[in-house]
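J.: Residue numbers (my numbering): 6 to 559.
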Ligand code: GLC
Ligand code: CA
C-alpha cells in the first residue's frame, strides 16, 4: 500500500456519517432542519473525525417515504434550502477535508414526478415507457412489496388505462424501467449534475431492485447496466464512488462488486455481518459474527465493505433464521411496538443494550475494527435513543440533540411544529446531548472521537487482511488486520465477565511490542512471541504490533 493508494482510494479508510438535513439543525425556526443549519455544524463533524458525509434525500418530494419518493432529481426541497445553500455545504465540507456523497434513488420515482404524471396522461406519451406496465391483473400469489402491510403486492392499478404499474416499494413509488435507454440517459444526466456541484459519489438505493429487469426486455445481462453507470461516473470524476444498498446473501451480493477489477459498486453495506453481530450481542457469544466474517467474500483491492450498527431503516434481521430472529427480538425488542414488518427492530442501539456504557462502547469499538469502512448514523456518537411513540421506521429519525435547550437545540420553533418529536424518556435531550458530552471527557462523544482518531491513523483497519487469532476464551473475538504498513490486533469481550487470554504471534522479530492505541500503554511479547492479557467485562482493546525500527510514530 503506497501513500497514493491510501489517499486516492479514500473510501478504503473513510469515516462515513449519514444524516438527514431535515432532522439535523434548523437555522430559520420553521421546525425543519435545513442546509444552512448543516453548514453551521460542519466543524462539529470535522472534529468528530468524519471524512465523508452521506446526505439522505434532500430533493423535492411529497415526502411520503422520507424523501425516498423523489419528484425532481435535480432540485433541492425548498423547505431545506436552495442549490446555493447546497453548494455552500459542499464547499465548507471540502475545506475541512470532508467529502460528501448523496442518495441516488433511481429504482423508482414518486407518483407525483412529472414523468409519471405524463406517463399516466396517455399511453402514447414518450414517458409511458419510463415505467414498467402490465396489461393483465397481477397473478394470484404475486410477490410481496418490500413493506408488507403498507402495500398490497407490487402492482398498482392505473384506472385511466386499465393497466398496472410495478412498484417494488410503496404504491406511490412506481418503478422506473431502466431497460429503456432513455431512462438510462436520464440517470446519467442526474449523476453528472450532482458531480458537477462537487460531490464525491452516491449512496445507491435499492440496487437489486434496480437491476430486476423483466425477461424479454432485451437486457440479457442486467449487471452490464450497473457497469455502465460506474463507467460513466468514473469518466466524469475519478474519485467518485458508488456505495450500494444490497441486502442479499454474500454469494449473490459479491456479484454487485463486479469482476476482479471491481467495476460495479465501489462499496456495499455488510447487512449479513451486521445481523450476525446482533445475534452475537444477544447470545453474548462472538461465534455467529465470526462465522459471518469468515464467510464474507474476499474483495479486490479497490472495493470495500461498509460496516454499520444502525441505519435510518428498521434494523433488519431478514437474513437470520426464524429462530435466530426470534432470539434477537426477545433480547432487544421485547415489546411488539419495537418491531416492524415481521423482520426488523425500530430501536437505536443504546436502549437495546439497556444503556450499559460498557456494551455500547464495545459495540462501537467493534464497528471501527471490523475489516472495512465504518458508517455512523447521526446521533450515534452521543448515544441517542429512539422515540418509541413514533411508530415504524420513523422512530429513529428524530432531531439531532445538540443541547438541553428547548427542542434539544435543534430548532426554535414551537414543539408542535417540529418535523419529528425527540424522545421524552431517559434519552430525551436533557439527558443525551452534544453540549453536555463535549464538556465531559469521559462521554461517549469523546470516546467515539478517540475511535475515529485511532481508525484514521491505522490504515490496516481499512486495507488489512482479516484473521481470527486462536485463543482459549470463548467470549472473546480476537482478530487481526494486516497490511504492508503493519498489523492491528483487536480484542472484544461479548460477555459480562472479565476474561484472561493468551495467544502467540509467530514470526515477529525480537523486540516487537504491542501498543495499546486506546490506553496509550505498551505490552512486551515474551521470547516466544506470546502475550497474556485480561479483558474486562464487555471490554475491548486495540493493539498495534510495533516492530523495532518500523518508524511509525502515530
Ligand atoms: C431504501 C431506503 C429506504 C426507502 C426504500 C425505498 O431501502 O433505505 O429508506 O424507504 O429504499 O426507496
Ligand atoms: Ca428550517
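Backbone N, C-alpha and C fix where the C-beta goes; we use that ideal spot for every residue, glycine too.
This one's a predicted model, so the numbers in the text were calculated from it and none came from an experiment.
#1: Classify residue 341 as buried or exposed, calling it buried when 16 or more other Cβ atoms lie within 10 Å of its own Cβ.
#2: So, does the segment 452-470 touch the segment 496-510, judging by three or more C-beta pairs under 8 Å?
#3: Could you pull out every residue in the same chain whose Cβ sits closer than 8 Å to the Cβ of residue 278, ignoring the five residues on either side in sequence?
#4: Is residue 533 helix, strand or coil when you go by DSSP?
#5: Tell me whether residue 177, by its Cβ, gets closer than 7 Å to a heavy atom of ligand 1.
#6: Can the beta-carbon of residue 358 be found closer than 8 Å to that of residue 350?
#7: Looking at C-beta atoms only, is the number of pairs between the segment 267-276 and the segment 232-241 that lie closer than 8 Å three or more?
#8: Considering Cα atoms alone, identify which of 55, 264, 523, 52 is closest to residue 228.
#9: Please state the DSSP three-state secondary structure of residue 138.
#10: Considering only their Cβ atoms, is the gap separating residue 76 from residue 65 smaller than 8 Å?
#11: Does DSSP classify residue 286 as helix, strand or coil?
#12: What residues in its chain sit with their C-beta under 7 Å from that of residue 202, if we drop five residues either side in the sequence?
#13: With a threshold of 7 Å, establish whether the CB of residue 90 neighbours any heavy atom of ligand 2.
#14: Assuming residue 267 contacts residue 305 (C-beta within less than 8 Å), just tell me the rounded distance between them.
#15: Please look up how many angstroms separate the CB atoms of residue 209 and residue 247, rounded, as I've assumed it's under 8 Å.
#16: If you compare alpha carbons, which of 175, 104, 111 is closest to residue 204?
#17: Buried or exposed for residue 146, going by 16 or more other Cβ atoms inside 10 Å?
#18: If we require 3 or more residues per run, which beta strand (DSSP E) segments fall completely within the segment 287-372?
#19: Starting from the N-terminal end, write out each residue whose C-beta falls within a distance shorter than 5 Å of any non-hydrogen atom of ligand 2.
#20: Could you work out which residue in 42, 24, 521 is closest to residue 57 when comparing CA atoms only?
#21: Using a Cβ-Cβ cut-off of 6 Å (strictly less than) and excluding sequence neighbours within five positions of residue 469, which residues of its own chain qualify?
#22: Could you give the first and the last residue of the continuous beta strand (DSSP E) run that contains residue 379?
#23: Please go through the segment 418-471 and give each complete alpha helix (DSSP H) segment of 4 or more residues, from N-terminal end onward.
#24: Got a sec: does ligand 1 put a non-hydrogen atom nearer than 7 Å to the Cβ of residue 250?
#25: Taking just the CA atoms, how far does residue 7 sit from residue 132?
#26: Does the beta-carbon of residue 209, which I'm using as the reference point, lie nearer than 7 Å to any heavy atom of ligand 1?
#27: Between residue 110 and ligand 1, is the CB less than 7 Å from at least one heavy atom?
#28: Run the CB neighbour count on residue 531, radius 10 Å, all protein chains shown included, and call it buried at 16 or more, exposed below.
#29: When we look at the beta-carbon of residue 9 and count the other beta-carbons within 10 Å, is it buried (16 or more) or exposed?
#30: Straight-line CA distance for residue 423 to residue 31?
#31: Going by DSSP in three states, residue 201 sits in which element: helix, strand or coil?
#32: Does DSSP put residue 211 in a helix, a strand or coil?
#33: Nearest-angstrom Cα distance between residue 120 and residue 135?
#34: Do you know offhand how far residue 116's Cα is from residue 389's?
#35: Run through the DSSP bridge pairs and tell me what residue 492 is partnered with.
T.: By the coordinates alone:
#1: Of the other Cβ atoms in all chains shown, fewer than 16 fall within 10 Å of the Cβ of residue 341; this residue is therefore exposed.
#2: no
#3: 294, 297, 298, 301, 310, 312, 375
#4: coil
#5: no
#6: no
#7: yes
#8: 264
#9: In the structure shown, residue 138 sits in a strand (DSSP, three-state: E or B).
#10: Going by C-beta atoms, residue 65 is nearer than 8 Å to residue 76.
#11: helix
#12: 91, 92, 95
#13: no
#14: 5 Å
#15: 5 Å
#16: 104
#17: exposed
#18: Here the runs fully enclosed are 309-313.
#19: 31, 33, 35, 37, 39
#20: 24
#21: Within the same chain, residue 469 has close Cβ partners 486, 487, 488.
#22: Looking at the DSSP string, the run of the beta strand (DSSP E) that includes residue 379 is 378-382.
#23: 439-443, 449-461, 465-468
#24: yes
#25: 49 Å
#26: The answer is no for residue 209.
#27: yes
#28: exposed
#29: exposed
#30: Rounded to whole angstroms, the separation of the alpha carbons of residue 31 and residue 423 is 9 Å.
#31: helix
#32: coil
#33: Roughly 7 Å between the two C-alpha positions.
#34: Using only the alpha carbons, I get a separation of about 34 Å.
#35: Looking at the DSSP assignment, residue 492 forms a beta bridge with 487, 550.
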